[in-house]
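The structure appears right after this line, and notes come after that.
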Amino acid sequence: MSQSLSLRPDIVLDAWLTRDVWPRRIIAFIIDIILIAVLGTVLAWVIAVLGILTLGLGFLLFHLMPLIPAIYYVAWLCTRSAATPGQRLLGLTLRQDDTLSLPVPARPSLAQAIAWTVLLYLCFALSMIPFLLVLITRRHRALHDLLSGLTLVHAAALNRAPAA
């Protein structure tokens with residue numbers, strides 16, 4: 022009696038694309054927070070100088086400072102690499118979940134990037150409990166990934182077929 026072990030192609034693809042993604046995304050987030058802090062500091066100095074030069078009128082731009090993290094994420098997720106600098110440094114990229122089986126999975130749309138970013142901050146507001154879904158979902162997706170229809174995958178795995 023010979024039994025062969027047959028693996029479903031979708032499970033092999035998921036394992037290939039999302040292996041060890043969730044620890045990397047934590048490190049990528051820390052890198053991105055550091056970059057956002059540096060960007061915020063530089064912009065604060067620019068706004069302060071501008072405020073002095075405009076006799077106080079430029080100080081009104083300080084009201085836009087809370088938007089920096091959201092603009093940072095949306096702007097980077099809409100680029101060709103579909104990843105923030107932290108994600109790119111760790112070899113990760115965002116792709117539309119329903120296109121992962123295609124030869125070239127689609128990058129996030131602007132609406133998906135905005136939804137992903139808003140839902141990311143909502144997950145933080147909910148005491149980070151929605152992030153625990155990465156431990157039990159099939160593609161290691163958190164709540165903001167599930168609701169926006171995106172999946173964080175290895176960028177290098179998109180270019181190679183899994184060895185099944």
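For the sequence shown, this note's numbering assigns the number 22 to the initial residue and increments by one for each residue that follows. Glycine included, every Cβ here is placed at the ideal spot set by N, Cα and C.
Here's the rule: buried if 16 or more other CB atoms are within 10 angstroms of the residue's CB, otherwise exposed. What is residue i?
{"i": "residue 22", "result": "Interpretation of residue 22 is limited by its pLDDT of 49, a score under 50 that renders its predicted location unreliable; the figure taken from the coordinates is listed afterwards. Exposed, because fewer than 16 other Cβ atoms sit within 10 Å of the Cβ of residue 22."}
{"i": "residue 166", "result": "buried"}
{"i": "residue 26", "result": "Because the pLDDT at residue 26 is just 49, under 50, the model does not fix this residue reliably, and the value given afterwards should be weighed accordingly. Residue 26 should be labelled exposed."}
{"i": "residue 148", "result": "exposed"}
{"i": "residue 145", "result": "exposed"}
{"i": "residue 129", "result": "buried"}
{"i": "residue 119", "result": "exposed"}
{"i": "residue 84", "result": "exposed"}
{"i": "residue 93", "result": "buried"}
{"i": "residue 134", "result": "buried"}
{"i": "residue 125", "result": "exposed"}
{"i": "residue 155", "result": "buried"}
{"i": "residue 100", "result": "exposed"}
{"i": "residue 138", "result": "buried"}
Provide the residue(s) that pair with residue i in DSSP beta bridges, ordered along the chain.
{"i": "residue 139", "result": "Looking at the DSSP assignment, residue 139 forms no beta bridge with any residue, so it has no partner."}
{"i": "residue 116", "result": "172"}
If you measure between the beta carbons of residue i and residue j, is that distance less than 9 Å?
{"i": "residue 108", "j": "residue 46", "result": "yes"}
{"i": "residue 103", "j": "residue 111", "result": "no"}
{"i": "residue 158", "j": "residue 121", "result": "no"}
{"i": "residue 140", "j": "residue 49", "result": "no"}
{"i": "residue 106", "j": "residue 97", "result": "yes"}
{"i": "residue 178", "j": "residue 37", "result": "yes"}
{"i": "residue 175", "j": "residue 75", "result": "no"}
{"i": "residue 82", "j": "residue 71", "result": "yes"}
{"i": "residue 131", "j": "residue 95", "result": "yes"}
{"i": "residue 79", "j": "residue 68", "result": "yes"}
Taking the alpha carbon of residue i as the point to measure from, which residue in the options has its own alpha carbon closest?
{"i": "residue 42", "options": "161, 170 and 169", "result": "161"}
{"i": "residue 151", "options": "56, 88 and 168", "result": "168"}
{"i": "residue 153", "options": "44, 33 and 40", "result": "44"}
{"i": "residue 142", "options": "180, 127 and 87", "result": "87"}
{"i": "residue 136", "options": "127, 123 and 170", "result": "170"}
Q: Identify every run of the alpha helix (DSSP H) within the stretch 61–102, keeping only runs that are complete inside it and at least 4 residues long; order them along the chain.
A: For the stretch 61–102, whole alpha helix (DSSP H) runs of length 4 or above, ordered along the chain, are 89–98.
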